[in-house]
Amino acid sequence: MASAATFAQTTLWNGEDKELGKEAIGFWADGDPEVVANPETDGINTSEKCLKFVMTNDKKVVKLPFREWMTPSLQGSTRVSLMIKKPQAENIQIELSDPTDGSEGYWKKVASYYSEAGKWQKVIFDYTNNGSFDNPGIMTITAQTGDVVGEREVYIDNIQIEPATTVNGQLLSKIEPNSLEGVIKLEGAWMKGECQNADGEWQKVEYNDFATLATKLSGKPANIIMRGCIVKDADINAMRGDNSNILVYADEAYEADNVVKDGKCAKLVLDDTKSFMVNEDFQAANVTLKRSVNAGYNTMCLPFWVSKDDMKAASIATYKEIVDKEDNNSVVTFEKADHIEANVPFVANYNEAVTEFTFTDKGVVNTNNGLGTTFVGTYIPGNVEGKFNLASDCTFKKGDAEATTNAFGAYLELPEGYEAKTLSLGYTDGELAGIESITTSFGNKGVKVYSLQGNQIAIASSMSELHLSNGIYIINNKKVVIK
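Heads up: the sequence shown begins at 21 in our numbering, then just goes up one per residue.
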């Protein structure tokens, strides 16, 4: 189908502006259609008036010609819809034919199933597999492709060309695979369903705009804005593809994780193996973070405020400075805290490994305003060559070409020259992360060890000569934790 600069919904016929008791203006006489009061206004079709005709086995068709009063364009769309109410569940067929633009004639047929016997139903007809065409001059509606027993009343209303399915102002079908990232704004009609190409022998046509969108995603951080779209059978999980972390901002609180409606998200589920971003702040009632941390010290970065109790950690601390010591050693100093603000990278100390975190009632904030400078948070898993990651021995080591990190962590970003130093993790109150760090901090100078009560425990020429049990000590006038 041809594309155009605009992709708006086009109404081809409805009963609202028609006069009751008269023939259905716009339709030909086939089937003797007339305008009547809507027999069921409390369902999905609340219009006061609609078309009615009496269908028999020999009279199933009504025809709507356009050439005398309008020249409709599909405008890049592939779909036509109508509202219909009739007694029997069966296939309905729409044929579009006789182009008004003078091009070669065509007869394009699609059948779609009406299942709501006796109720109004919006039925979609998808012409994706019918070849390229536009500007139909006549619409022929066959209200039932199967046999009709006796006389059956058929009601039809709201015949429309659905708006084209677009992303950031472009037709979905024209977007390159693996190209979308950042804020992805959806417009037009987004639908999932099936129908039959009836141009010859019937062929099933399955369409899923949500799954198609997933093939266009790059894997980089993204949010999907689908507010204001016409939606049928939303497939939220399919539209995110492999990245379940993608937030979807919608007009409806669909039964899926990570959907935000009116600034609220019922369930936010995050996975540290996938990228993440937040474009608009919102409140999350329940949060699950799938992130594995080891016993000991781990880097973290989260898009919401947390306390030490939230993190279930022995301690949490934020970056303060790097203190250069003797013998080419430096201590990366962190300051203990009882809470951490959103998007501030930090270190959390655990007594045992954790694989999943849960939180409640969290204000999740925009992630685009910086995640630190020297100690930098990340919401993107992947290669961190040249960055300094926290290792299991509580030192920061420069990453080689194979170095990777997961999302919701952090690393040091340092100028040239630091790769030759030993960068040990330390706290401002004198607590250091382990015996290796303590050795680095004090070097090989003489040391004196006291208990917290002031009793001298040991004297040695260097830390390497000490064999202290786990505990808290005063070493050379500094409080030290041995683990």
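Even glycine gets a Cβ: it sits at the ideal position worked out from N, Cα and C.
Note that the coordinates shown come from a computational prediction; the quantities given were computed from them, not determined experimentally.
Ends of the beta strand (DSSP E) at T353? N349 to A357
What would DSSP say about I64, mapped onto helix, strand or coil? coil
Under 8 angstroms between C-beta atoms of I204 and N243: yes
Using a threshold of 8 angstroms, state whether the C-beta atoms of A57 and L40 are closer than that. yes
Near S457, what residues of its chain come up, given a Cβ to Cβ distance below 8 angstroms and the 5 sequence neighbours on each side ignored? Any reading at S457 must be qualified, since the residue scores a pLDDT of 42, below 50, and its modelled position is unreliable; the value itself is stated next. For S457, where only same-chain residues beyond five positions count, the Cβ hits under 8 angstroms are V351, C414, T415, S444, L445 and G446.
Excluding the 5 residues preceding and the 5 following I400 in the sequence, name in chain order all residues of the same chain whose CB lies nearer than 7 angstroms to its CB. P241, S295 and A427
On a Cα-Cα basis, can you pick out the residue from S199, I256, R99 and M211 that is closest to V130? R99
Bounding residues of the beta strand (DSSP E) (the contiguous stretch that carries T162): I158 to T162
Who are the near neighbours of E36 in its chain, counting only those whose CB is closer than 8 angstroms to its CB and skipping five residues on each side? S67, E68 and K69
Residues bridged to N111 (per DSSP): Y133
Can you give the Cα-Cα distance for K441 and K356, rounded to whole angstroms? 24 angstroms
Neighbourhood of F86 by C-beta, 6 angstroms cutoff - its chain only, sequence neighbours within 5 removed: P92 and G157
From G189 to P53, what does the alpha carbon distance come to, in whole angstroms? 39 angstroms
If we ignore side chains and look at the alpha-carbon of each, how far apart do E405 and V289 end up? 28 angstroms
Of the listed residues Y269, I266 and S101, nearest to A184 (C-alpha basis): S101
Please name the residue in E115, P119, N77 and G96 whose C-alpha comes closest to that of M90. P119
Using the Cβ count rule (16 or more neighbours within 10 Å means buried), how would you classify N388? exposed
Between the beta-carbon of I163 and the beta-carbon of I112, is there less than 8 angstroms? One point to set straight first is that residue 163 is Ala, not Ile, in the sequence displayed. Yes, these two residues count as a Cβ contact at 8 angstroms.
So is K128 buried or exposed if we call it buried at 16+ other beta carbons inside 10 Å? buried
Near S461, which residues of its chain fall below 7 angstroms by C-beta distance, leaving aside the five closest residues on each side in sequence? With a pLDDT of only 46 at S461, under 50, the local geometry of the prediction cannot be trusted, and the value read off the model is given with reservation. Excluding sequence neighbours, S461 sits near K345, V351, S444, G446 and L452.
With DSSP as the reference, label F462 as helix, strand or coil. Confidence is the limiting factor: at F462 the pLDDT is only 46, short of 50, which leaves the residue's position unreliable, though a coordinate-based value still follows. Here F462 sits in helix by DSSP.
Considering only C-alpha positions, which residue in the set A423, P435 and F324 is nearest to A411? A423
Candidates R172, I104 and T148: which alpha carbon is nearest Q141's? I104
Measuring CA to CA, which of V343, T31, Y133 and N496 is closest to T353? V343
Take N198 and list the residues in its own chain whose beta-carbon comes closer than 8 angstroms to its own, dropping the five residues that flank it on each side. T235, K236, L237, S238 and G239
Which residues does DSSP pair with P85 in a beta bridge? I158
Just to confirm, is the Cβ distance from L191 to G96 under 8 angstroms? yes
Using a Cβ-Cβ cutoff of less than 8 angstroms, which residues in the same chain neighbour K42 once the five nearest sequence positions on both sides are dropped? E54 and V55
Just curious, the beta strand (DSSP E) that N243 is in, first and last residue? L237 to I245
What would DSSP say about S193, mapped onto helix, strand or coil? helix
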